[in-house]
Amino acid sequence: MSEDILRMRGITKRFPGVLALSGVDLGVKRGTIHALVGENGAGKSTLMKILSGVYAYGDFEGEIEFDGSPAQFKNIRDSEATGVVIIHQELALVGELSIAENIFLGNERKRGGVISWDRTNGEAARLMQQVGLHDNPATLVEKIGVGKQQLVEIAKALSKDVKLLILDEPTAALNDSDSENLLELLRQLREEGVTSIIISHKLGEVLSVADRITVLRDGKSIETMETDAGAVTEDRLIKSMVGRDLEHLYPPHEPKVGKVFFEINDWTVYHPEQRDRVIVNKASINVARGEIVGLAGLMGAGRTEFAMSVFGRSWGANISGEATMDGKRLHLRNVPEAIDSGLAYATEDRKHYGLHLDYDLRENFTLPGLDRLSKRGVVDQDKVNSVSERLRTEFGVKAPSVYSLAGNLSGGNQQKVVLGKWVFTEPELLILDEPTRGIDVGAKYEIYELIHKLVDQGKGVLMISSELPELLGMCDRIYAMSAGHITGQIERANATQEELMRLMTLETASGGEEQRQ
Amino acid sequence: MTTVPTKTRPSLISAVRNINLRAYGMIIALVLIMILFQVLNVTLQNENFITPLNITNVILQNSYILILAIGMMLVIVNGHIDLSVGSVLAFCGAMSAIALSDWNWPWYVAVLFAIGLGAVIGVWQAFWIAYVRIPAFIVTLAGMLIFRGLTLKVLDAETKGTTGTFNELASGYHFLGVDLRVPTLVVGILGAALFVFFAVRSRNRQVKAGIAASSQTTWLLKTAAIAAVMLAAAYTFYSYKGLPIIGWILLGLVLLFTFIANRTVFGRHVYAGGGNEKAAMLSGVKTKETTFWVFVIMGALSGLAGVIVTARLHAATPGAGNAFELDAIAASFIGGASVTGGVGTIIGAVIGGLVMGVLRQGMQVLGIATDTVQIILGLVVLAAVLFDVWNKKRATGGGLMPPIVGTTPGGSGDAKRKAKEGVDAGSTKAGTVSATTDDKPIS
Numbered sequence: 001m002s003e004d005i006l007r008m009r010g011i012t013k014r015f016p017g018v019l020a021l022s023g024v025d026l027g028v029k030r031g032t033i034h035a036l037v038g039e040n041g042a043g044k045s046t047l048m049k050i051l052s053g054v055y056a057y058g059d060f061e062g063e064i065e066f067d068g069s070p071a072q073f074k075n076i077r078d079s080e081a082t083g084v085v086i087i088h089q090e091l092a093l094v095g096e097l098s099i100a101e102n103i104f105l106g107n108e109r110k111r112g113g114v115i116s117w118d119r120t121n122g123e124a125a126r127l128m129q130q131v132g133l134h135d136n137p138a139t140l141v142e143k144i145g146v147g148k149q150q151l152v153e154i155a156k157a158l159s160k161d162v163k164l165l166i167l168d169e170p171t172a173a174l175n176d177s178d179s180e181n182l183l184e185l186l187r188q189l190r191e192e193g194v195t196s197i198i199i200s201h202k203l204g205e206v207l208s209v210a211d212r213i214t215v216l217r218d219g220k221s222i223e224t225m226e227t228d229a230g231a232v233t234e235d236r237l238i239k240s241m242v243g244r245d246l247e248h249l250y251p252p253h254e255p256k257v258g259k260v261f262f263e264i265n266d267w268t269v270y271h272p273e274q275r276d277r278v279i280v281n282k283a284s285i286n287v288a289r290g291e292i293v294g295l296a297g298l299m300g301a302g303r304t305e306f307a308m309s310v311f312g313r314s315w316g317a318n319i320s321g322e323a324t325m326d327g328k329r330l331h332l333r334n335v336p337e338a339i340d341s342g343l344a345y346a347t348e349d350r351k352h353y354g355l356h357l358d359y360d361l362r363e364n365f366t367l368p369g370l371d372r373l374s375k376r377g378v379v380d381q382d383k384v385n386s387v388s389e390r391l392r393t394e395f396g397v398k399a400p401s402v403y404s405l406a407g408n409l410s411g412g413n414q415q416k417v418v419l420g421k422w423v424f425t426e427p428e429l430l431i432l433d434e435p436t437r438g439i440d441v442g443a444k445y446e447i448y449e450l451i452h453k454l455v456d457q458g459k460g461v462l463m464i465s466s467e468l469p470e471l472l473g474m475c476d477r478i479y480a481m482s483a484g485h486i487t488g489q490i491e492r493a494n495a496t497q498e499e500l501m502r503l504m505t506l507e508t509a510s511g512g513e514e515q516r517q
Numbered sequence: 001m002t003t004v005p006t007k008t009r010p011s012l013i014s015a016v017r018n019i020n021l022r023a024y025g026m027i028i029a030l031v032l033i034m035i036l037f038q039v040l041n042v043t044l045q046n047e048n049f050i051t052p053l054n055i056t057n058v059i060l061q062n063s064y065i066l067i068l069a070i071g072m073m074l075v076i077v078n079g080h081i082d083l084s085v086g087s088v089l090a091f092c093g094a095m096s097a098i099a100l101s102d103w104n105w106p107w108y109v110a111v112l113f114a115i116g117l118g119a120v121i122g123v124w125q126a127f128w129i130a131y132v133r134i135p136a137f138i139v140t141l142a143g144m145l146i147f148r149g150l151t152l153k154v155l156d157a158e159t160k161g162t163t164g165t166f167n168e169l170a171s172g173y174h175f176l177g178v179d180l181r182v183p184t185l186v187v188g189i190l191g192a193a194l195f196v197f198f199a200v201r202s203r204n205r206q207v208k209a210g211i212a213a214s215s216q217t218t219w220l221l222k223t224a225a226i227a228a229v230m231l232a233a234a235y236t237f238y239s240y241k242g243l244p245i246i247g248w249i250l251l252g253l254v255l256l257f258t259f260i261a262n263r264t265v266f267g268r269h270v271y272a273g274g275g276n277e278k279a280a281m282l283s284g285v286k287t288k289e290t291t292f293w294v295f296v297i298m299g300a301l302s303g304l305a306g307v308i309v310t311a312r313l314h315a316a317t318p319g320a321g322n323a324f325e326l327d328a329i330a331a332s333f334i335g336g337a338s339v340t341g342g343v344g345t346i347i348g349a350v351i352g353g354l355v356m357g358v359l360r361q362g363m364q365v366l367g368i369a370t371d372t373v374q375i376i377l378g379l380v381v382l383a384a385v386l387f388d389v390w391n392k393k394r395a396t397g398g399g400l401m402p403p404i405v406g407t408t409p410g411g412s413g414d415a416k417r418k419a420k421e422g423v424d425a426g427s428t429k430a431g432t433v434s435a436t437t438d439d440k441p442i443s
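Line order of the protein sequences matches chains F and B.
Following full-length UniProt numbering, the numbering of the first sequence begins with 1 at its first residue and continues without gaps.
Following full-length UniProt numbering, the numbering of the second sequence begins with 1 at its first residue and continues without gaps.
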């Protein structure tokens, strides 16, 4: 047996108009955890889809050698039969089925064509034990958290006698303790002889778990590093990923905070279905011109619900409270009113709520501001074209033209389109909900610069983020939210992660529910 | 990801290769079908198929389906369906006949009455669909029964004849005493000239702004082909009896609704709401209001189609318009509408309706039995959607079958989005998502 379990050589993959991978080489040593890092659009996921047979052999150029013999996977079934299992970022689980059923989905334990429930549940229990999942195998998958769902995916992979496990952003949706559990499980599987490839944006976690790290950039393999040499640091990785020195993660900025112009007082929102559940409880905040205000909170604290309820009652029921801008009371009964009042809300869920993926950039850029480009209901197509082209260049959207479909852009560029479409409505206050989620380092920097540009024009920004360093790096002032309450605010100068975390986990008098279903 | 600029070789071959199949596939298919029947007819029966008479007949016999298809396209693009149009058509047609014959209203008042009645019925259905959020499938299924029942009631299950100018609407060649032959030719030539003029103007503006949508050769080919078709069509109608009145009505509707769909805020909102309702809503689109008006328009067009059917038969019958909704829906899908909404063009719906009409006419001329014709039309609908699926995959570089997980770089296929939504439902995040979907405080 050779030392390398996997060798990929000269992998080249083209999409119409785009060279996604160009001569990528990747060697993975048996019994190691190998990390694949790079900016979004660097080609990591494409490479893994080739390896797992999502792109059939022949659809790309280059050679793959797995476990000592050439591999020519035509589909996922082929690769899984050989022992390569990929776990995608979006989990492929059926919520309405039990954990045990999900583990053996497509691979059912049966006797003579009839499912043997004893074997299904029994073997599932054993596999669940192995991954440290201590639930009843008959529990429905939709009833367990995302962290546990990841474990179910891994148990499912183990049921297929996995030799090489590929995880695409496994911890993106997990909290810190779930992430740590998962990484520990990977280390444990390594002891048991399972090789893993992990794609991740979280460099700290990569450095802690990986034995070797390969950096991809612009569809090319840049370098592979051994972590035990000790010379690899986050800075070193970032430099290799972006191909230039990134002095700081956050661009320098001299804040010019003006007068408070936007205020919300005693904002209360109830759950739309469970009408007696308070999701946001008497929240009061304010934003000054030229100020970036952060909103920190754990999952379920009610940050997004708060923001969306303010933005034209897009979420929740029985909303009460007062919003004022420059002392004038705002009417925010629906989204058009919110837009007219000078608000904009860039959603945390770009793909579902933020963009029309099947439409081109022009449609996406101009949708909220279409009224400005039309007279008596008739759209001026020339204006639409020129405005879109202007926004595309101004926001540095990397796309061949304004006719490109939004769905074909990388996450960072999609986010720039979302920002562009809202800036075009000339809002006074921009609410940015997780503006850099799932975006690579380089594009994050550009987004930060765009945010700075906006506040320098005297606009206010309310920024929701789950990444505390980002809030500390960007915001002039940070509110913390816990179980629907605003539990405090900290000026930038006094802000620390510890203090924020304390406020975010503060138990409030009414006692909120952490878990929203 | 490295972006490779698409090569712009100014050759004819690459121009042909770059033709957007989704947009022009059905026009090409329509032309090919006509050529096929021409060849078959000449070899089997030693007769021409492409004659001014046959072409005129295709328009006359399918006019009401084309009118319905225009409205249906808007409905489908907006992400809904309307099963009631056949019954609404019958009811409005019946009422127009009653207004004309029993109440002795002038013909134009009877026509406006039918259209208005259709719009009112549209309001009724639109209310339930847009504001109460009952699925359109259910509301219009109910409407299909309700308005068929009402038709039987007002007609007492009998046929009601119509006379005079009213009947001319469906098949006449003289409007208010004017022979329409010469106007047909004049408008055809003027139209082609105007088309070229506007095409050149918009092309120049795009080039100036540095955002030309296609290569020079592709653009030239396209513009020349469309102008040629316009001239040929005008001459064909001219050499028979001119464009019939219903042809003018159709022409007007196509121009009007193409304009509405492409160039008005309302039209763009119809697409945005159908393509991604949540994103549209959060962008300030009044999706409920948009849907409401789409169904009102569909109702009004059904009313107009009712008039045409009645006029064509010279009578309102209780069974009029039976299963027309299916023809209209089929025309939309043949014409490139996406099953999930958000995609489709007015001209596509008309081309789709014409494809069906030409197939019917062609097979009838060849003496093929109606049962066989049904089977073939069914296969054509399936093939059209299959072609659409294939074409989408061609654009994104995947196989024919939808992938298990998205294979496109950023993801654009509907299949992928649907698959993802299914997956999301299994994660705990579904709490937030479904809460926002189910209860819509946006009004």
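Even glycine gets a Cβ: it sits at the ideal position worked out from N, Cα and C.
Residue nearest to residue i in terms of C-alpha spacing, selected from the options
| i | options | result |
| --- | --- | --- |
| E416 (chain F) | F:L429, F:P427, F:T393 and F:T425 | Going by the sequence as given, residue 416 (chain F) is Lys instead of Glu. The candidate whose alpha carbon is nearest that of K416 (chain F) is F:T393. |
| L6 (chain F) | F:E65, F:N413 and F:A42 | F:E65 |
| E322 (chain F) | F:F262, F:T224, F:E96 and F:G43 | F:F262 |
| N107 (chain F) | F:T12, F:E80 and F:E446 | F:E80 |
| L152 (chain B) | B:L100, B:G275 and B:F91 | B:F91 |
| L91 (chain F) | F:V278, F:L391 and F:L151 | F:L151 |
Enclosing beta strand (DSSP E) for residue i [first to last residue]
| i | result |
| --- | --- |
| residue 473 (chain B) | Shown here, chain B extends from 1 to 443; a query on residue 473 (chain B) therefore has no answer. |
| H485 (chain F) | H485 to E491 |
| T224 (chain F) | K220 to E226 |
| N78 (chain B) | N78 (chain B) -> no beta strand (DSSP E), and no H or E assigned at all. |
Per DSSP, the bridge partner or partners of residue i
| i | result |
| --- | --- |
| K375 (chain F) | F:V378 |
| M463 (chain F) | F:G294 and F:L432 |
| A288 (chain F) | F:V260 |
| M8 (chain F) | F:L26 and F:I64 |
| K328 (chain F) | F:M325 |
Boundaries of the alpha helix (DSSP H) in which residue i is found, first to last residue
| i | result |
| --- | --- |
| T46 (chain F) | K44 to L51 |
| D456 (chain F) | V441 to D456 |
| V296 (chain B) | T287 to L313 |
| A97 (chain B) | V85 to S101 |
| D78 (chain F) | I76 to T82 |
| H269 (chain B) | V265 to G275 |
| F137 (chain B) | A136 to L155 |
Exercise for the section: Count the CB pairs spanning the region 288 to 306 of chain B and the region 365 to 374 of chain F that are closer than 8 angstroms, and state whether there are at least three. Expected result: The answer is no - the region 365 to 374 of chain F does not touch the region 288 to 306 of chain B, with fewer than three Cβ pairs under 8 angstroms.
Practice task
Report yes or no: do three or more beta-carbon pairs, one from the region 109 to 129 of chain F and one from the region 45 to 64 of chain F, lie closer than 8 angstroms?
Solution key: No contact exists between the region 109 to 129 of chain F and the region 45 to 64 of chain F.
Practice task
Could you say if the region 266 to 286 of chain B and the region 201 to 214 of chain B meet the contact criterion of at least three C-beta pairs nearer than 8 angstroms?
Solution key: no
Handout entry: Residues of the region 393 to 407 of chain F whose Cβ lies closer than 9 angstroms to any Cβ of chain B, in chain order
Key = K398, A399, P400, S401, V402, Y403, L405, A406 and G407
Exercise for the section: Could you please tell me which residues of the region 319 to 345 of chain F, in chain order, have their CB closer than 8 angstroms to any CB of chain B? Expected result: I319, R333, N334, V335, P336, A338, I339 and Y345
Exercise for the section: Tell me, please, whether the region 285 to 303 of chain F touches the region 249 to 257 of chain F by the rule of three or more beta-carbon pairs shorter than 8 angstroms. Expected result: yes
Exercise for the section: Spell out a yes or no on whether the region 232 to 240 of chain F and the region 43 to 55 of chain F are touching, meaning 3 or more CB-CB pairs, one atom from each, closer than 8 angstroms. Expected result: no
Problem - Residues, ordered as in the chain, of the region 365 to 380 of chain F that lie near chain B by beta-carbon distance below 7 angstroms - result: Cβ contacts with chain B come from L367, P368, L370, D371, S374, G377, V378 and V379.
Problem - Where the region 201 to 217 of chain B meets chain F: residues whose CB sits under 8 angstroms from a CB there - result: Within the region 201 to 217 of chain B, the qualifying residues are S202, R205, Q206, A209, G210, I211 and A213.
Problem - the region 308 to 324 of chain F touching the region 335 to 353 of chain F, judged by at least three CB pairs closer than 8 angstroms - result: yes
Practice task
For the region 229 to 245 of chain B, enumerate the residues whose C-beta is nearer than 9 angstroms to any C-beta of chain F, in chain order.
Solution key: none
Practice task
Evaluate contact between the region 325 to 333 of chain B and the region 60 to 71 of chain B, counting only Cβ atoms and requiring at least three cross-stretch pairs below 8 angstroms.
Solution key: yes
Practice task
Mind the definition here: the region 189 to 197 of chain B touches the region 225 to 239 of chain B only if three or more C-beta pairs lie below 8 angstroms; say whether that holds.
Solution key: yes
Practice task
With 9 angstroms as the C-beta to C-beta threshold (strictly closer), list the residues of the region 267 to 281 of chain B near chain F in chain order.
Solution key: G267, R268, H269, Y271, A272, G275, N276, K278, A279, A280 and M281
Practice task
Would you list, in chain order, the members of the region 343 to 358 of chain B that have their beta-carbon closer than 8 angstroms to a beta-carbon of chain F?
Solution key: V343
Practice task
Pull out every residue of the region 288 to 301 of chain B whose Cβ sits closer than 9 angstroms to any Cβ of chain F, in chain order.
Solution key: none
Handout entry: Given 8 angstroms, three or more beta-carbon pairs between the region 266 to 278 of chain F and the region 455 to 462 of chain F
Key = no
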